[in-house]
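Step one of this worksheet: look at the structure below.
Number of protein chains: 2
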Amino acid sequence: MILDGKKLKEKKLNILKEETSKLDKKLTLCVIQVGEDTASEIYVNQKKKMADFVGFAFKHIKLKNDVSEDYLLSIIDKENKDDKTTGIIVQMPLPSHINETKIQNAIDYHKDIDGLSDINTGRLVHNRKTLISCTPKGILELLKEYNIKIESKHVVIVGRSNLVGKPLVNLFLNENATVTICHSKTKNLKDYTITADILISAVGKKNLITKDMVKQNAVVIDVGITRENNKLYGDVDFDNVFNKASYITPVPGGVGPMTVTELGYNVLEAYQLRSDANE
Amino acid sequence: MILDGKKLKEKKLNILKEETSKLDKKLTLCVIQVGEDTASEIYVNQKKKMADFVGFAFKHIKLKNDVSEDYLLSIIDKENKDDKTTGIIVQMPLPSHINETKIQNAIDYHKDIDGLSDINTGRLVHNRKTLISCTPKGILELLKEYNIKIESKHVVIVGRSNLVGKPLVNLFLNENATVTICHSKTKNLKDYTITADILISAVGKKNLITKDMVKQNAVVIDVGITRENNKLYGDVDFDNVFNKASYITPVPGGVGPMTVTELGYNVLEAYQLRSDANE
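See below:
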């Protein structure tokens, strides 16, 4: 059975639109972009489209490629202090003369809707209320939509990025799953993947996960994206794994649409977290 | 073969003593204790003994059991600002009217030698230079002392406490191990433990890990402590597992002595981190 992220995106964004319309304040999503990167343009446009649909104000700050780190930090500081700005994203990647880690930690953690700051990462580890990285959160939402049980299941994650793999470990641990994390230094990857009740691959390597690596009736989540001759491929050999899996996400149309959806929800949550903090 | 924490403690504390003696500043370990708890008294005394041996000043702040959270916070704030105080520990557990999470996050992360704050936890996840929880760090040091290879090994951790299990995941992931974390909601625990090259149990349940659950030649690390009729027991059925394991820690004398050792090293690192930050 297909886990349909496109369909869930539509459903969830409609709900978010309704919830947002009930607020007495207009929320603002601020995207700070440095330089001209083709992929970044596409991603920023997706965010704008989401914001327009849901009813957020979209504040797009475009800076030149040679902007100094200090100037970028001053812009972030201004948005941190601006009460009208609900959530802030600095579009990655940044030019090499700018320290991405420093930038991510400069965003006030109450507005850090990418959930990449050290504080928000620590809060996730400690299972505290926090803004969680959008792709991992989208995966969890997709599983919940299809009533897939997580507690006590063996979740095997392939890939240990700060953006996806590592938050997934903590997110699923908080859901009481037993969790294994594999990566480029893992030997005999199949020994691990074959034991997974829920297998999540987030590497970006076409056909990394083949049929023989998947347990019968496993749930297979494909976060990888490889572009080849203008076509998108995931990490999973979809056509062959399809019949063995109980549920599987397609690429595109699986996890992808969930990321921008959860970004929208994080804007609302950032607003609510700050309202709670002010009480 | 026995992993001798007692011996390594002696060796490492002598090195630390020498390094400390070279500094032109006397470092201060500040322990804040609330109320009278028998176990806490023992732990605080161990810290004092270590500090005296190494040559740290030991600042012991004892507060009454009914102290208010606000007052405790004001004491922490004072120590945060006191340039003479190098590292701060608030001895756990705290009386139930005080929020432990709030207290742990009130300590300046540069002085948080327990490594329990959200920021330091996030920094560990992101593999940044940071103060790391002492028991997990001690385990890593013990493995390194015996030249046990970690990269690409399967490390299985039983127990997901904020103090031990969760930091272990990130510490071993940063060492390029493949990591699995199990806990009370894990089903068929043996299915996981039997696959471990390095098995770490941190639960506090006598005889949880029996011979049939351990792979031949596995490295077995026992962090559990159960007190029965004035005798200490670990999680591992030591007598029977001993012949199957390539290396094993005893209880007591294995991981235990490493915790206070790494606390000492964290005081030195806190000093160095702040010096670096001031440059």
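Each protein sequence line maps, in turn, to chains X and B. Quick note on our numbering: the first sequence kicks off at 46 and runs consecutively. Quick note on our numbering: the second sequence kicks off at 46 and runs consecutively. All C-beta atoms, glycine included, are put in the ideal place defined by N, C-alpha and C.
Which residues of chain X have a Cβ atom closer than 7 Å to the Cβ of residue i, listed in chain order?
i        : result
B:Thr73  : Within 7 Å Cβ-Cβ: nothing; B:Thr73 doesn't reach chain X, min ~26 Å.
B:Leu218 : Arg205 and Ile226
B:Lys211 : Val170
B:Tyr237 : Thr223
Can you name the residues of chain B whose CB is closer than 7 Å to the CB of residue i?
i        : result
X:Arg168 : Asp163
X:Val214 : Val214
Taking Cβ to Cβ, would you say residue i is nearer than 8 Å to residue j?
i        : j        : result
B:Ile184 : B:Ile245 : yes
B:Ile143 : B:Glu114 : yes
X:Leu277 : X:Leu72  : no
X:Gly269 : X:Asp280 : yes
X:Leu169 : X:Ile158 : no
B:Thr83  : B:Lys104 : no
X:Val200 : X:Ala241 : yes
B:Glu81  : B:Asn110 : yes
X:Ile87  : X:Ile106 : no
Taking residue i as the reference, which of the options has the closest Cα?
i        : options                                   : result
X:Leu318 : X:Glu190, X:Lys174, X:Glu220 and X:Ile193 : X:Lys174
B:Val264 : B:Glu273, B:Val286, B:Asn275 and B:Asp257 : B:Val286
X:Lys289 : X:Gly269, X:Thr255 and X:Tyr278           : X:Thr255
X:Cys179 : X:Leu117, X:Gly160, X:Asp69 and X:Lys230  : X:Gly160
X:Lys251 : X:Asn150, X:Phe101, X:Glu273 and X:Lys94  : X:Glu273
X:Met258 : X:Val135, X:Ile243 and X:Thr65            : X:Ile243
Near residue i, which residues of its chain fall below 6 Å by C-beta distance, leaving aside the five closest residues on each side in sequence?
i        : result
B:Glu220 : Ile195
B:Lys156 : Gly132, Ile133 and Ala315
X:Lys189 : none
X:Glu145 : Leu139
X:Ala102 : Lys71 and Thr73
Do you know offhand how far residue i's Cα is from residue j's?
i        : j        : result
X:Asn172 : X:Leu208 : 17 Å
B:Leu253 : B:Leu48  : 20 Å
B:Gly309 : B:Asp163 : 21 Å
X:Glu55  : X:Thr306 : 9 Å
X:Asn215 : X:Thr225 : 11 Å
B:Pro212 : X:Ile148 : 25 Å
B:Ser141 : B:Cys75  : 22 Å
B:Asp210 : B:Ile202 : Before going on, a small fix: residue 210 of chain B reads as Gly here, not Asp. C-alpha separation (whole angstroms): 7 Å.
B:Leu53  : B:Tyr191 : 10 Å
X:Asn90  : X:Lys260 : 38 Å
X:Lys70  : X:Val296 : 37 Å
X:Ile121 : B:Asp236 : 49 Å
B:Lys182 : X:Ile239 : 31 Å
B:Ser66  : B:Phe98  : 11 Å
B:Glu324 : X:Asn59  : In this prediction, B:Glu324 scores a pLDDT of 49, lower than 50, which makes its location untrustworthy; no coordinate-derived value is stated.
X:Asn311 : X:Ala96  : 12 Å
X:Lys62  : X:Gln136 : 24 Å
X:Gly249 : X:Phe217 : 21 Å
X:Gly100 : X:Leu68  : 11 Å
B:Val112 : B:Lys123 : 16 Å
B:Asp128 : B:Asp267 : 38 Å
X:Leu234 : X:Asp284 : 20 Å
X:Asn150 : B:Asn275 : 48 Å
B:Asp321 : X:Ser119 : 23 Å
X:Lys57  : X:Thr231 : 36 Å
B:Thr271 : X:Ser85  : 55 Å
B:Lys92  : X:Lys92  : 52 Å
Could you name the residues of the same chain whose beta carbon sits closer than 7 Å to that of residue i, not counting the 5 residues immediately before and after it, in chain order?
i        : result
X:Gly50  : Leu187, Thr294, Gly298, Gly299, Val300, Gly301, Pro302 and Met303
B:Ile193 : Val264 and Tyr292
X:Leu117 : Val79, Leu108, Ile143 and Ile148
B:Arg205 : Lys211, Ile226 and His228
B:Glu64  : Leu313
B:Asn165 : Tyr154, Asp157, Thr175 and Leu176
Apart from the five residues on each side of it in sequence, which residues of its chain come closer than 8 Å, Cβ to Cβ, to residue i?
i        : result
B:Ser291 : Met46, Asn262, Ala263 and Val264
B:Ser197 : Asn221, Ala222 and Thr223
B:Gly167 : none
Residues of chain B with a CB under 8 Å from the CB of residue i: which are they?
i        : result
X:Thr231 : Ser197 and Thr223
For the ligand ATP, I want to know if residue i counts as a neighbour, meaning its beta carbon is within less than 7 Å of at least one of the ligand's heavy atoms.
i       : result
X:Lys67 : Absence of the ligand ATP is noted for the structure shown, with no ligands found whatsoever.
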